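J.: Numbering follows UniProt numbering, with no gaps: position 214 of the sequence shown is 214.
Even for Gly, the Cβ is constructed at its ideal location relative to N, Cα and C.
Remember, predicted model here, so these are calculated numbers, not experimental data.
One structure is given below, represented as structure tokens, and several questions about it will come after.
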Amino acid sequence: MTVTIDHLTPLLTGNTLYRQHATTLNPTFFTTLALGQTPSTLWIGCADSRVPETTVCHCAPGDIFVHRNIANTVHVNDVNAASVVEYAVTHLRVRSVVVCGHTKCGGVGAALGDEVLGGALDVWLGPVRELRRQHEIELDALPDDDARAVRLAELNVRRSVDALREHPAVRKAIAEHGLGLHGLIYDIGVGQLRVIDKDGKMKNGSYQSAQKGHD
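Written out as structure tokens, the structure reads:
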């Protein structure tokens, strides 16, 4: 006997509960949202299901404009990301743009090697693999693949922030109203966001700090 599972049921049930909870707390919640959006931040993050930006930042719908992809990567010729950035910066006039990487990232982990993944994944991860090769001496000096993955994630965030700085709309917004550009790493194991400094390292330390609470 074959049992058909309705995979939409948990989503629709969850939506009902969400609506009930939101309107109980604020009866005009959805009608207010429908009037428009004024997010303060553009968040460029990873598609990983464990890093939902509004949850980890304790924000509400309408607070953050979002673009997510594999390994939170900003490619120079990626029209998808470029259009999101332009809309957020020029039309929504967000005050800051954040690139957020994370520990235990599958895309970054795959970029540590050259295994053929097939199709679009190899093309997409090409720049991250090139970044790995550029920093091969530094990465090889680290104790294990976990440490190398964290460091590569940091470097990838820094590279993406640098790429954003070259976007015409971003350059204009920085000059005209001080748009902020920031890099973050989310440590999945402890649920904490850490800021990436100009050298592409977490301000509270790199691999060692990210591993606190894991040992």
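Specify the secondary structure class of residue 19 as computed by DSSP and reduced to three states.
T.: helix
J.: Which residues in the same chain have their Cβ closer than 6 angstroms to the Cβ of residue 193, if we skip the five residues on either side of it in sequence?
T.: 184 and 186
J.: Once DSSP output is grouped into helix, strand and coil, what is the label at residue 177?
T.: helix
J.: Express the C-alpha separation of residue 99 and residue 81 in angstroms, rounding to a whole number.
T.: In a straight line, the C-alpha of residue 81 is about 12 angstroms away from that of residue 99.
J.: Just to confirm the assignment, what range does the alpha helix (DSSP H) spanning residue 194 have?
T.: Premise fails: residue 194 lies in the beta strand (DSSP E), 192-196, not in any alpha helix (DSSP H).
J.: According to DSSP, is residue 33 helix, strand or coil?
T.: helix
J.: Around the C-beta of residue 161, are 16 or more other C-beta atoms found within 10 angstroms, so that it is buried, or is it exposed?
T.: buried
J.: Does the ligand NAP have even one heavy atom less than 7 angstroms from the beta-carbon of residue 122?
T.: As far as ligands go, the structure on display features none, and thus does not contain the ligand NAP.
J.: For residue 48, count neighbouring C-beta atoms within 10 Å of its own C-beta (all shown protein chains included) and say buried if the count is 16 or more, exposed if not.
T.: buried
J.: When we look at the beta-carbon of residue 103 and count the other beta-carbons within 10 Å, is it buried (16 or more) or exposed?
T.: buried
J.: Go ahead and label residue 196 buried or exposed: buried means 16 or more other beta carbons lie within 10 angstroms of its beta carbon, across all protein chains shown.
T.: buried
J.: Which word fits residue 71, buried or exposed, when buried means at least 16 other C-beta atoms lie within 10 angstroms of its C-beta?
T.: buried
J.: When the Cα atoms are used, what is the spatial distance from residue 168 to residue 121?
T.: 28 angstroms
J.: Quick one: what's got a C-beta closer than 8 angstroms to residue 61's C-beta in the same chain, skipping five residues either side?
T.: 33 and 54
J.: Would you call residue 189 buried or exposed, if buried means 16 or more other Cβ atoms sit within 10 Å of its Cβ?
T.: exposed
J.: Along the chain, where does the alpha helix (DSSP H) containing residue 121 start, and where does it finish?
T.: For residue 121, the enclosing alpha helix (DSSP H) starts and ends at 120-134.
J.: Taking C-beta to C-beta, are residue 180 and residue 95 nearer than 8 angstroms?
T.: yes
J.: By Cβ distance, which residues of its chain are closer than 6 angstroms to residue 50, with the 5 residues on each side in sequence left out?
T.: 188
J.: For the beta strand (DSSP E) that contains residue 42, what are its first and last residues?
T.: From DSSP, the beta strand (DSSP E) with residue 42 extends over 41-46.
J.: In whole angstroms, what separates the C-alpha of residue 106 from that of residue 112?
T.: 10 angstroms
J.: When the distance is taken between beta carbons, is residue 164 closer than 8 angstroms to residue 131?
T.: No, Cβ-Cβ distance for residue 131 and residue 164 is not below 8 angstroms.
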